[in-house]
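Undergrad:
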Ligand code: NAI
Ligand code: MG
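Numbering (the UniProt record's numbering), first residue to last: 2 to 333.
#1: To which residues does DSSP link residue 116 through a beta bridge?
#2: Which residues in the same chain as residue 204 place their Cβ atom closer than 8 Å to its Cβ, once the five residues preceding and following it in sequence are excluded?
#3: Assuming residue 67 is part of the beta strand (DSSP E), what are its boundary residues?
#4: Give a single yes or no on whether residue 261 has its beta carbon closer than 6 Å to a heavy atom of the ligand NAI.
#5: Kindly provide the ranges of any beta strand (DSSP E) runs that are 3 or more residues long and lie completely inside the stretch 112 to 162, ordered along the chain.
#6: Is residue 153 near residue 69, with beta carbons less than 7 Å apart?
#7: Does the stretch 195 to 215 come within contact of the stretch 230 to 245, defined as at least 3 CB pairs closer than 8 Å?
#8: Applying the 10 Å Cβ sphere with the 16-neighbour rule, what's the burial state of residue 102?
#9: Is residue 243 near the ligand NAI, judged by its Cβ being under 6 Å from some heavy atom?
#10: Three-state secondary structure (DSSP) at residue 227?
#11: Is residue 109 near the ligand NAI, with its Cβ less than 6 Å from a heavy atom?
#12: Going by DSSP in three states, residue 1 sits in which element: helix, strand or coil?
#13: Any idea what DSSP makes of residue 257, helix, strand or coil?
#14: Kindly identify the DSSP beta-bridge partner or partners of residue 199.
#15: Hey, could you find the ends of the alpha helix (DSSP H) residue 28 is sitting in?
#16: Would residue 47 be called buried (16 or more neighbouring beta carbons within 10 Å of its own) or exposed?
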């Protein structure tokens, strides 16, 4: 095959949206070979680890990976590591790229076309927490190296786009040491990109501006936790979690996944919206250099979202299967 793609269903609706996305990828007619691998909470409960080494090896051996969703329990479970967070750190997938583009669905703002770039390996997500009696402490790690490379990634991305703007999101006014290092490192890096208009926005103000005037944004870069929160917000601007794709991108490997989680409230019912995973597959094709086919998938998604059938989360009645069938007819 021309490309090998690793598929990881993960947990919950991952078992529904990955097979749907696979059918769509097969319908493209590209010469693809699929390799299946396991990860997630369900796998942990059975085997005592959330990401087996065999999965890491398959991700490394294939050209790109498509991931469904993973459950993370909100209580501490001995020995458990969040599957996707572990893979991001282990495979050094330092850039979490989350585009938000207007879609023809109820509640989507118009003229939104932004990309949030989230630092994916450090910040508060180093998962270093401890408790002293009634006090709990979490570490937030910011390094110059990780800030510089995420800044460089976001600047290069902005440079390739029409507006060429970069908003550096931070809270350096309250956390001048950690957030200040992130902000200043990226602003220094930005001096090498005079064609990109780089500016800083304090995170809380950014949340307000994103809701009031999302069309004014182009590329945004943020530390891990802020990027996680703001990217659910930007997903909400253009149709919600059922639609929002993402890529976890490193120098060597890349794992594409929906922004949403395992949706235990609807898992197993055949009603999950596969759009987020299909658009993640389009990002995967872009990553492989198959830009025409990536656009074709995106256009098919927007055509079906416009004409229906739509899934329940977007006010329709279609199940995963019916929606996927419509997408495939559109591609063919
Ligand atoms: P969630 O994203 O799984 O679900 C939030 C709401 O959106 C639910 O009502 C769900 O039914 C709906 N929803 C999500 N995706 C949908 C889709 N494709 N089609 C239709 N409706 C959809 O977030 P929640 O419920 O807070 O978390 C569930 C589990 O997922 C948790 O264990 C959490 O840790 C995990 N999670 C994992 C993520 C990941 O894999 N990257 C991201 C977010 C949460
Ligand atoms: Mg999130």
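Built from N, CA and C at the ideal position, the CB exists for glycine as well.
TA: Walking through what the data contain:
#1: 100 and 220
#2: 170, 171, 172, 223, 227 and 231
#3: 65 to 70
#4: Correct: residue 261 has its Cβ closer than 6 Å to the ligand NAI.
#5: 114 to 120, 130 to 133 and 136 to 139
#6: no
#7: Touching, yes, given that three or more Cβ pairs across the two stretches are closer than 8 Å.
#8: buried
#9: yes
#10: helix
#11: Answer for residue 109: no, Cβ out of range of the ligand NAI.
#12: There is no way to answer for residue 1, as the model of the chain reaches only from 2 to 333.
#13: strand
#14: 167
#15: Element bounds for residue 28: 15 to 28.
#16: exposed
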